[in-house]
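In our numbering, the protein residues as written are 2 to 283. Backbone N, C-alpha and C fix where the C-beta goes; we use that ideal spot for every residue, glycine too. Before any comments, here is the structure.
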């Protein structure tokens, strides 16, 4: 099986890599037929096993492209007063979904890449969670010398192009208010990293959520890959007693929803667990 992900960077040379991947799959299929015709079943079985693995891998990448196209389609549908470039990008996305339905995934990939590039070049409203490849972490900290908390955010651009500037609602924990309420994040170059902190303070009502926020440390990481978002949270009990029965409700960007949220039944003193938030696959 090929070691390189054919969709490693949808904005880069993904289409060429995908073509090479399919070419290799075609060659393996031909080898299987050759060995079967020459009564060499063991050789055929080995190549067939590899061909099946390649086919399964390619299928996953096509599903990923389908999700990316749908995410971009939904993003454009949520905008008001589309510009000419945004309307053109919407048409490209529609064409891409049609081509993908016909099995013409390379053409669909080209449509997706062209739509994203067109939006970026024209200054269109691009949702980075749909068009970018980056790793995003969120952590609430409670410095003892301060009367407020700090919401720490880190973004690392994993793509080969600049990550567009974005404005996101501050992902404050339940029961806390962020100041400012939204974070303005500048464009980030390839492999660039940016860190920023936002003040958070109680909403005024003492509740179990407020107490729990300081007892449990939660760091949530978001792996964003062209509309495909994976969410994992590290949960640590910082108290000397067990904490039972609470939901880890991670912040999600606009346009994304949780299919299932994790529930921690019991967290022993000092214990650390990692839980995933299942994102609706649309």
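Does DSSP put residue i in a helix, a strand or coil?
| i | result |
| --- | --- |
| residue 131 | helix |
| residue 26 | At residue 26, the pLDDT of 48 sits below 50, so the modelled position is not reliable and the matter cannot be decided from this model. |
| residue 204 | coil |
| residue 260 | strand |
| residue 111 | helix |
| residue 249 | coil |
| residue 162 | coil |
| residue 143 | coil |
| residue 243 | coil |
| residue 36 | The predicted position of residue 36 is uncertain, since its pLDDT is 48 and thus under 50; a value taken from the coordinates is nonetheless stated next. Reduced to three states, the DSSP call for residue 36 is helix. |
| residue 269 | coil |
| residue 78 | helix |
| residue 10 | Only weak support exists for where residue 10 lies, its pLDDT of 42 falling under 50; the value from the coordinates is given anyway. It is coil, neither helix nor strand. |
Taking residue i as the reference, give the member of the options with the closest Cα.
| i | options | result |
| --- | --- | --- |
| residue 271 | 141, 102 and 237 | 237 |
| residue 150 | 94, 72, 277 and 178 | 178 |
| residue 187 | 143, 232 and 195 | 195 |
| residue 142 | 174, 131 and 164 | 174 |
| residue 93 | 70, 105, 104 and 242 | 70 |
| residue 63 | 277, 108, 204 and 261 | 108 |
| residue 154 | 168, 98 and 162 | 168 |
| residue 91 | 77, 233, 215 and 98 | 77 |
| residue 172 | 65, 263 and 251 | 251 |
| residue 66 | 100, 176 and 215 | 100 |
| residue 249 | 217, 89 and 226 | 217 |
| residue 226 | 263, 200, 161 and 85 | 161 |
| residue 82 | 126, 102 and 106 | 126 |
| residue 260 | 230, 95, 144 and 242 | 230 |
Near residue i, what residues of its chain come up, given a Cβ to Cβ distance below 6 Å and the 5 sequence neighbours on each side ignored?
| i | result |
| --- | --- |
| residue 220 | 140 and 235 |
| residue 170 | 183 |
| residue 268 | 238 and 244 |
| residue 274 | 236 |
| residue 277 | 233 |
| residue 254 | 130 |
| residue 264 | 248 |
Which residue marks the beginning of the alpha helix (DSSP H) containing residue i, and which one marks its end?
| i | result |
| --- | --- |
| residue 150 | No alpha helix (DSSP H) holds residue 150; the beta strand (DSSP E) holding it covers 150-158. |
| residue 102 | 85-102 |
Quick one: is the Cβ of residue i within less than 7 Å of any heavy atom of the ligand SAH?
| i | result |
| --- | --- |
| residue 225 | The model depicted lacks the ligand SAH and carries no ligand whatsoever. |
My guess is that residue i and residue j are in contact by the Cβ rule of under 8 Å, so how many angstroms apart are they, rounded?
| i | j | result |
| --- | --- | --- |
| residue 80 | residue 74 | Contact flag wrong, Cβ pair sits at about 11 Å. |
| residue 228 | residue 116 | With 8 Å as the limit, residue 228 and residue 116 do not qualify as a contact, their Cβ atoms being about 12 Å apart. |
| residue 97 | residue 112 | 3 Å |
| residue 222 | residue 138 | 5 Å |
| residue 201 | residue 152 | 5 Å |
Less than 7 Å between C-beta atoms, sequence neighbours within five positions excluded: which residues of the same chain meet that for residue i?
| i | result |
| --- | --- |
| residue 157 | 135, 136 and 194 |
| residue 164 | 129, 133, 135, 158, 188 and 189 |
Check for me: the beta strand (DSSP E) holding residue i runs from which residue to which?
| i | result |
| --- | --- |
| residue 218 | 217-226 |
| residue 229 | 229-238 |
| residue 295 | Residue 295 is absent from the structure shown; the chain starts at 2 and stops at 283. |
| residue 168 | 167-170 |
| residue 186 | 183-186 |
| residue 178 | 177-180 |
What residues in its chain sit with their C-beta under 8 Å from that of residue i, if we drop five residues either side in the sequence?
| i | result |
| --- | --- |
| residue 266 | 245 and 246 |
| residue 258 | 280 and 281 |
| residue 191 | 158, 160, 161, 162 and 163 |
| residue 181 | 171 and 199 |
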